[in-house]
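Trainee: Heads up: the sequence shown at position 91 corresponds to 829 in the working numbering, and the numbers run straight through without jumps. Beta carbons are placed, not taken as given, at the ideal position from N, Cα and C, and that holds for glycine.
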Amino acid sequence: MSTYQIKKILVPVDFSTLANNAIETAIAMSKRQLATITLMHVIENTYVLFPPEANGAAGALLPQLVKDANENLSHRAKELRVKHDIVVNHIVQAGNPADEICRWALHKKMDLIVMGTHGASGLREFFMGSNAYRVVKNAPCPVLTLPGNNQWLNFKKILFPVRMVSHALDKYEVVRPIIRKNDSSLLVAGVVKKSEPASHIEMKELVDRVRRQIAEDDVICCSELHYCENPAKQVLDIAERDKSDLIVITATLDRTVKDFFLGPYTQDIVNHAQFPVLSIKPEYEVKGSSALKILMEQLPMQHADLP
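1. With which residues is glycine 833 paired in a DSSP beta bridge?
2. For cysteine 959, which three-state DSSP category applies?
3. By the three-class DSSP mapping on this structure, what secondary structure does asparagine 892 have?
4. Which residue wins for smallest C-alpha separation from cysteine 960, given the options Cys966, Met902, Leu897?
5. CB leucine 925 to CB aspartate 980, shorter than 8 Å?
6. Buried or exposed for isoleucine 1063, please, with buried defined as at least 16 other CB atoms from any protein chain shown within 10 angstroms of its CB.
7. Counting C-beta neighbours from all protein chains within 10 Å, is the total for valine 820 16 or more, i.e. buried, or is it exposed?
8. Can you give me the C-alpha to C-alpha distance between leucine 861 and aspartate 752, rounded to a whole angstrom?
9. Assess, as a yes-or-no matter, whether the segment 959-973 is touched by the segment 925-935 under the definition of 3 or more beta carbon pairs within less than 8 Å.
10. Buried or exposed: glutamine 743, going by 16 or more other Cβ atoms within 10 Å of its Cβ?
11. Run through DSSP, which three-state label would methionine 853 get?
12. Applying the 10 Å Cβ sphere with the 16-neighbour rule, what's the burial state of glutamine 802?
13. Report the three-state DSSP secondary structure of valine 749 (helix, strand or coil).
14. Can you give me the Cβ contacts of isoleucine 765 inside the same chain, cut-off strictly under 6 Å, excluding the 5 residues immediately before and after it?
15. For lysine 746, count neighbouring Cβ atoms within 10 angstroms of its own Cβ and tell me buried if that reaches 16, exposed if not.
16. Starting from valine 926, trace the beta strand (DSSP E) in both directions and tell me its first and last residue.
17. Starting from isoleucine 916, follow the alpha helix (DSSP H) in both directions and report where the run begins and ends.
18. Hey, valine 948 and valine 900: beta-carbon distance below 8 Å or not?
19. Is threonine 988 closer than 8 Å to lysine 909 when the C-beta atoms are compared?
20. Is the distance from the Cβ of methionine 848 to the Cβ of leucine 748 below 8 Å?
21. Using only alpha-carbon positions, find the residue among Leu756, Asp955, Leu963, Ile952 that is nearest to glutamate 940.
22. Taking only three categories from DSSP, how would you classify valine 874?
23. Run through DSSP, which three-state label would glycine 860 get?
24. Which residues mark the beginning and the end of the alpha helix (DSSP H) in which valine 986 is found?
Structure (structure tokens):
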């Protein structure tokens, strides 16, 4: 069995309370996983569309915005290094927040992105539906989204929904280090639509296979089977019932349209969960993405405080 490691964590920062909560979550994980943290702030492309040579006021303002953000983020990173004795880097970029975050995660081979889903200042649009959605869709690594203004420092009760989709078990490899370092218990919840009765037996076999795999790690684990009209709603109801600390989902793409979109299952859970959600795309979808490669070629690196 391969072992996934969380050694490099990327945290988008907009200097809001919610971003600070994401930083605290990342710090707690960093200490347990012995991982480095990179804080990233993106100056939204509103300020990039009007370059100084076009006599645009926004273009003239951009260098000062970058300078101020870099100073603030550098100060924050230094504080965290001193207080927690961990490695904290920082990076300031200008452009589209979701694209820049995904591109940087690819360039630096990040293992995890930790981010809020709603914000109150700075990059507020990033932390709301559309851009958070784009990060989960395009990121080359798993994405941990944190709802609301709560702090999530431990993941003791993990909900592990299982559906009849390709690569349904890939996500267990990613969550293994989290389980081990948190002494977590795991609920494996098989979720089948009532309209797909032929899948019921297959789901029971799949859940049993997941439990056998987990048993090899001596993890406290129980399982349930659920037959429902709406799998996403069922998962959210289970999480609310058990007050789960973390929901782990396979973020599959909908390939029925020309431009790939996250399927409605993933969207509904990420958008409406009251608990942290760890979204993991199957490996073949990450390797097959060309959008990030295009971004890597088109956008220059800048303002980095990284080795």
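Mentor: Result, derived from the coordinates:
1. Residue mapping note: residue 833 aligns to position 95 of the sequence shown, counting from 1. When beta bridges are read from the DSSP output, glycine 833 appears opposite Glu782.
2. Here the question's residue 959 lines up with position 221 in the sequence shown. In this structure, cysteine 959 counts as strand in the three-state DSSP scheme.
3. By one-based count along the sequence shown, residue 892 stands at place 154. In this structure, DSSP gives asparagine 892 a state outside helix and strand, which the three-state scheme calls coil.
4. Your numbering for residue 960 matches position 222 in the sequence shown. Among Cys966, Met902, Leu897, the Cα nearest to that of cysteine 960 is on Leu897.
5. Against the sequence shown, residue 925 aligns to sequence position 187. Against the sequence shown, residue 980 aligns to sequence position 242. Judged by their CB atoms, leucine 925 and aspartate 980 are nearer to each other than the 8 Å cut-off.
6. Missing from the structure shown is residue 1063; the chain here goes from 739 to 1045 and no further.
7. Counting from one through the sequence shown, the residue named residue 820 turns up at place 82. Taking every protein chain shown into account, the CB of valine 820 has fewer than 16 other CB atoms within 10 angstroms, so this residue is exposed.
8. For the purposes of this step, residue 861 is identified with residue 123 of the sequence shown, where counting begins at 1. For the purposes of this step, residue 752 is identified with residue 14 of the sequence shown, where counting begins at 1. For leucine 861, the predicted model reports a pLDDT of 43, less than 50, meaning its position is unreliable and no value from the coordinates is stated.
9. Judged by pairs of C-beta atoms under 8 Å, the segment 925-935 touches the segment 959-973, as three or more such pairs exist.
10. Within the sequence shown, numbered from 1, the residue matching residue 743 stands at position 5. Residue environment for glutamine 743: exposed (fewer than 16 other C-beta atoms within 10 angstroms of its C-beta).
11. For this step, residue 853 is matched to residue 115 along the sequence shown. Methionine 853: strand per DSSP, three-state reduction.
12. Walking along the sequence shown from the start, residue 802 turns up at place 64. Exposed, since its Cβ has fewer than 16 Cβ neighbours within 10 Å.
13. Locating residue 749 in the sequence shown gives position 11, where the first residue counts as 1. In the structure shown, valine 749 falls within a strand segment according to DSSP collapsed to helix, strand and coil.
14. By one-based count along the sequence shown, residue 765 stands at place 27. Excluding positions up to five away in sequence, the list reads His822.
15. What you label residue 746 is simply residue 8 of the sequence shown in a count that begins at 1. By the C-beta density criterion, lysine 746 is buried, having at least 16 other C-beta atoms within 10 angstroms.
16. Taking the sequence shown and counting its residues from 1, one reaches residue 926 at position 188. Where valine 926 is concerned, the enclosing beta strand (DSSP E) starts and stops at 923-931.
17. The sequence position of residue 916 within the sequence shown is 178, counting from 1. Looking at the DSSP string, the run of the alpha helix (DSSP H) that includes isoleucine 916 is 908-920.
18. Counting from 1 along the sequence shown, the entry for residue 948 is found at position 210. Counting from 1 along the sequence shown, the entry for residue 900 is found at position 162. Contact flag set, yes.
19. To locate residue 909, count along the sequence shown from 1; it is residue 171. To locate residue 988, count along the sequence shown from 1; it is residue 250. Yes, they are a contact pair.
20. Position 110 of the sequence shown, counted from the start, is the residue given in the question as residue 848. Position 10 of the sequence shown, counted from the start, is the residue given in the question as residue 748. Result yes, Cβ atoms of methionine 848 and leucine 748 sit closer than 8 Å.
21. The residue you call residue 940 lines up with position 202 of the sequence shown. Nearest option by C-alpha distance: Leu963.
22. Here residue 874 is taken as the residue at index 136 of the sequence shown, counted from 1. Valine 874 carries a helical assignment under DSSP once its states are collapsed to helix, strand and coil.
23. Taking the first residue of the sequence shown as 1, we reach residue 860 at position 122. Per-residue confidence for glycine 860 stands at a pLDDT of 41, beneath the threshold of 50, marking its modelled position as unreliable; no derived number is given.
24. To locate residue 986, count along the sequence shown from 1; it is residue 248. Per DSSP, valine 986 lies in no alpha helix (DSSP H); the unbroken beta strand (DSSP E) holding it starts and ends at 984-988.
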